[in-house]
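Data block below; observations after.
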Amino acid sequence: MKILIGVLSNDHVSIPHRDFGYKAMVDASRETCFSEKVEGVDVYFMYNQREGADVGNNIYGVHKDCFYYNWPEHRKYILNKTMAFFHYAYNNLQFDYIFRTNCGSYIDQQLLKKHVNSIEIKENIYMSIENHIQEYKGRPVDIRYGSGAGILLSHDVVGKLLAHEPELRDGVDDVEFGRILKNKYNMHVTPGAIRKDVKYGDLISNDSLVDNECYHYYFRATRDPRCYHETHFRTLKNREGAINDGK
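If you're matching positions, the sequence shown starts at 772 in the numbering used here and goes up one per residue.
Right under this line is the structure:
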């Protein structure tokens, strides 16, 4: 089994107090949850245009563990970036699942792998925390979709999205995925995703918040790299405790 983790990334640096920007979050993720190589899991940091990155005449390309899409870096182009990565992966990489997340999420690769291995059905997997909206782009809708903080897609579902790429509207990718998969395939969000929404204050005040089951800690809009380091510290502490208990 092969899992590809695609991490939405950019080099934006913020100035306001306690907002360190996306670059600081990417750096912190590299120092913590993505610092180790887990067998069967490959991690790619997904960028649009980036200083020092050159894909030549190609629309996209990969250098080491970074995926580059030759398109302006902006929140409104998240859908474009994600679909470009799906194109590259589908045509060039071997994988069974893609887990698309962002640089505001701590992903325990070992626990994610364990969770994916526990899924009995291996196809039509569209697993995430379900959200619901009733208005989209000024129009009344009823869309239930998997939160883009972390979406697990099986290989066949990635193919389904690529097949309907011309029908995807500009905007946030997770809402569009939910709309297309429901309208074209009558697919609903697969239950079973595990995620905790936390902030730095929660982490330092609650010793039991990080456990040995949750593979995804989402920091929401917080761009505070301390969240990564605190989560990682507690993750390693739990692993050490589990090893000691098993002796």
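In this text, a Cβ means the ideal position worked out from N, Cα and C, and glycines have one as well.
Asked	Found
At the level of alpha carbons, what is the spacing between Glu984 and Lys1008?	14 Å
So, helix, strand or coil for His943, using DSSP?	It should be noted that the sequence gives Val, not His, for residue 943. Coil.
Would DSSP call Asn829 helix, strand or coil?	coil
Quick one, which of Glu1011, Arg1005, Ala992 and Thr1002 has its alpha-carbon nearest Phe791's?	Ala992
Buried or exposed for Met898, going by 16 or more other Cβ atoms inside 10 Å?	buried
Taking Cβ positions, are Lys955 and His935 nearer each other than 8 Å?	yes
What are the start and end residues of each continuous alpha helix (DSSP H) run of 4 or more residues lying completely inside the region 962 to 1002, in chain order?	971 to 976
Any idea what DSSP makes of Phe856, helix, strand or coil?	helix
Helix, strand or coil, according to DSSP, for Met796 in the structure here?	helix
With distances taken from CA atoms, which of Tyr989, Gly832, Val981 and Glu810 is nearest Ile900?	Tyr989
Taking Cβ positions, are Gly918 and Ile896 nearer each other than 8 Å?	Looking at the sequence itself, residue 918 is Ser, so the reference to Gly does not match. Not closer than 8 Å, so no.
Indicate whether Cys1035 and Leu980 have their beta-carbon atoms separated by less than 8 Å.	What the structure shows of the chain is the stretch from 772 to 1018, and residue 1035 is not part of that stretch, so it cannot be assessed.
Quick one: Cα of Lys884 to Cα of Ala824, how far?	31 Å
Does the separation of the CB atoms of Leu932 and Val887 fall below 8 Å?	no
Whole angstroms is fine: what's the gap from Tyr818's alpha carbon to Asn977's?	34 Å
Taking only three categories from DSSP, how would you classify Leu775?	strand
Which value, in whole angstroms, describes the spacing of the CA atoms of His783 and Asp982?	31 Å
Answer yes if the region 831 to 838 comes into contact with the region 867 to 877, meaning at least three C-beta pairs across the two stretches below 8 Å, and no otherwise.	no
Return the first residue and the last residue of the alpha helix (DSSP H) that Asn888 is part of.	Gln880 to Asn888
Helix, strand or coil: which one does DSSP assign to Ile900?	coil
For the alpha helix (DSSP H) containing Leu932, name the first residue and the last one.	His926 to Ala934
State yes or no: is the C-beta of Tyr907 within less than 8 Å of the C-beta of Phe948?	no
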